[in-house]
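Enquirer: The numbers in this note's numbering rise by one with no breaks, and the one at position 50 of the sequence shown is 280.
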Amino acid sequence: MGVRKKQMAERIKAEKKQIAFAKLNNCPTSPRKMRLVADLVRGVKVEQALAILKFNSKEASRKLEKLLLSAIANWQAKNEDASVEDADLFIKEIRVDGGAMLKRLRPAPQGRAHRIRKRSNHVTLVLDSNNNVQS
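1. Does the beta-carbon of L270, which I'm using as the reference point, lie nearer than 7 Å to any heavy atom of the ligand ZN?
2. Within 10 Å of its beta-carbon, does M238 have 16 or more other beta-carbons around it, so buried, or fewer, so exposed?
3. Would the region 332-347 count as touching the region 290-297 if we require 3 or more Cβ pairs under 8 Å?
4. Quick one: grab the DSSP three-state call for K275.
5. Quick one: Cα of I282 to Cα of L270, how far?
6. What separation, rounded to the nearest whole angstrom, lies between the Cα atoms of V326 and A279?
7. Identify, in the order they occur along the chain, each residue of the same chain with its Cβ nearer than 6 Å to the Cβ of L254, setting aside the five sequence neighbours on each side.
8. For the beta strand (DSSP E) containing N448, list its first residue and its last residue.
9. Can you tell me where the alpha helix (DSSP H) with R241 in it begins and where it stops?
The following block contains the structure:
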């Protein structure tokens, strides 16, 4: 491997060390309901986001709180020597995408049927550190 290529690879590796993510797939909630809660914590510091999610009454906030704790644990696994309080973590990106749909039929008047779509979603949460530690 050439010197330039090796330096570039090391720089990319150092940048990725500050970023951690967690994914929640096939969550049986409609994407619209999940986005309402995700919009509350987008771009917010981790401690504040945990407080927002803990005291929000929506069911989606419980699932996002668990996902955020998972992302924090993933960050700690990457950075064993650093502490979460000193890292100044914040939610860099949170994406809610539509997942698989279960299609069901509901009886309707005069022998007809209406289609019921039971939606699910995929959530991707990315954490980043404000103070990038230089080696």
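Note that beta-carbon positions come from the ideal geometry of N, C-alpha and C, so glycine has one too.
Expert: Here's the rundown:
1. Questions concerning the ligand ZN fall outside what the structure shown contains, since it holds no ligand whatsoever.
2. On the sequence shown, residue 238 is found 8 positions in, with the first residue counted as 1. Under this definition M238 is an exposed residue.
3. no
4. Numbered from its first residue, the sequence shown carries residue 275 at position 45. Strand at K275.
5. As a working mapping, residue 282 is identified with position 52 in the sequence shown. As a working mapping, residue 270 is identified with position 40 in the sequence shown. For I282 and L270, the distance between alpha carbons rounds to 8 Å.
6. Residue numbering aside, residue 326 sits at position 96 when the sequence shown is read from its first letter. Residue numbering aside, residue 279 sits at position 49 when the sequence shown is read from its first letter. Going from the Cα of V326 to the Cα of A279 covers about 17 Å.
7. Working through the sequence shown from its first residue, we reach residue 254 at position 24. These residues qualify, in order along the chain: L297 and V353.
8. Since the first residue shown for the chain is 231 and the last is 365, residue 448 is missing from the structure and cannot be characterised.
9. Here the question's residue 241 lines up with position 11 in the sequence shown. Where R241 is concerned, the enclosing alpha helix (DSSP H) stretches over V233 to K247.
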